[in-house]
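Asker:
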Amino acid sequence: MKGFTDEQRDRIRSDLLEAGRDLFAQYGLSKTTIADLTDEVGIGTSTFYQFYDSKEALYLAVLDREGETIARRLSDEEVIGGEDPETVVREFLHFLFDEIETNPLVRQLVVSDELDRLREYRTPEEREAERAEEVETIRAFTDPFVEAGAVHGEDPELVARAVGAIPYLTLHEADIGSDHYPEVRDFVIDTFARGLAADGE
2 MKGFTDEQRD RIRSDLLEAG RDLFAQYGLS KTTIADLTDE VGIGTSTFYQ FYDSKEALYL
62 AVLDREGETI ARRLSDEEVI GGEDPETVVR EFLHFLFDEI ETNPLVRQLV VSDELDRLRE
122 YRTPEEREAE RAEEVETIRA FTDPFVEAGA VHGEDPELVA RAVGAIPYLT LHEADIGSDH
182 YPEVRDFVID TFARGLAADG E
């Protein structure tokens with residue numbers, strides 16, 4: 002990249018990712034402009050385009066990095082360790098709901114129409130690969146329970162997709178009602194985890 006040392010390129014890319022995370026979390030994709038991003042980092046528009054083709058491309062890069070951070074935390078906190086499927090699934094779902102409800106970047110993504118907008122910037126193959134990766138992440142801890150017959154369901158992918166579907170409840174917080182949502186969320190998590198593990202009891 003002409004005009005920048007490797008160190009400068011790394012710094013600018015890192016600064017753009019940090020600025021993007023902050024601004025996208027606060028204002029969302031549609032309300033964040035290229036100028037907002039470049040002003041925050043102290044670079045010109047032309048420099049931005051040396052790193053990313055669009056603000057959507059930066060947003061996707063921010064989300065990729067955030068996903069890696071969340072995955073590390075999931076591992077570090079040993080959320081998915083343990084031998085009891087009911088406990089593991091319950092803790093995993095609570096972790097995901099907590100992430101959606103408290104992480105401003107994730108919340109902005111989930112509760113807005115940004116997922117739809119981002120689909121335009123991913124090819125069908127990329128979207129399918131992303132879905133497959135999400136399922137594989139869940140299967141990493143559900144497959145042993147399926148293989149051991151410790152959960153209801155014999156299809157490992159179906160079990161993983163079912164677990165991954167539960168957090169979409171958060172999209173309906175307004176429909177459920179803010180006063181009732183926490184209790185409903187916890188009831189759904191507990192009932193699902195208990196029901197999934199029923200055959201293992």
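Quick note, the sequence shown lines up with residues 2 to 202 if you use this note's numbering.
Glycine is no exception: its CB is placed at the ideal position from the N, C-alpha and C atoms.
What is the DSSP secondary structure of Ala-291, reduced to helix, strand or coil?
Answerer: Outside the modelled stretch of the chain, which goes from 2 to 202, sits residue 291, for which no answer is possible.
Asker: Is Arg-123 helix, strand or coil when you go by DSSP?
Answerer: If DSSP states are grouped into helix, strand and coil, Arg-123 belongs with coil.
Asker: Using 8 Å as the threshold, is the stretch 20-27 in touch with the stretch 47-64, meaning 3 or more CB pairs across them?
Answerer: Counting Cβ pairs under 8 Å, three or more are found: they touch.
Asker: Would a C-beta distance cut-off of 9 Å place Arg-140 and Glu-131 closer than the cut-off?
Answerer: No, Cβ-Cβ distance for Arg-140 and Glu-131 is not below 9 Å.
Asker: Quick one: what does DSSP say Ile-81 is sitting in, helix, strand or coil?
Answerer: Of the three classes helix, strand and coil, the one that applies to Ile-81 here is coil, per DSSP.
Asker: Within the chosen definition, does the stretch 180-192 reach the stretch 158-166 through at least 3 CB pairs nearer than 8 Å?
Answerer: Flag = no, the stretch 180-192 and the stretch 158-166 do not touch.
Asker: Please report whether the beta-carbon of Thr-6 lies at a distance below 9 Å from any beta-carbon of chain B.
Answerer: Of the protein chains in this structure there is only one, and it is not chain B.
Asker: Which value, in whole angstroms, describes the spacing of the CA atoms of Val-152 and Leu-94?
Answerer: Taking the straight line from one Cα to the other gives about 16 Å.
Asker: Measure from the alpha carbon of Ile-13 to the alpha carbon of each residue in Gly-196, Gly-45 and Glu-115, then state which is nearest.
Answerer: Per the Cα distances, Gly-45.
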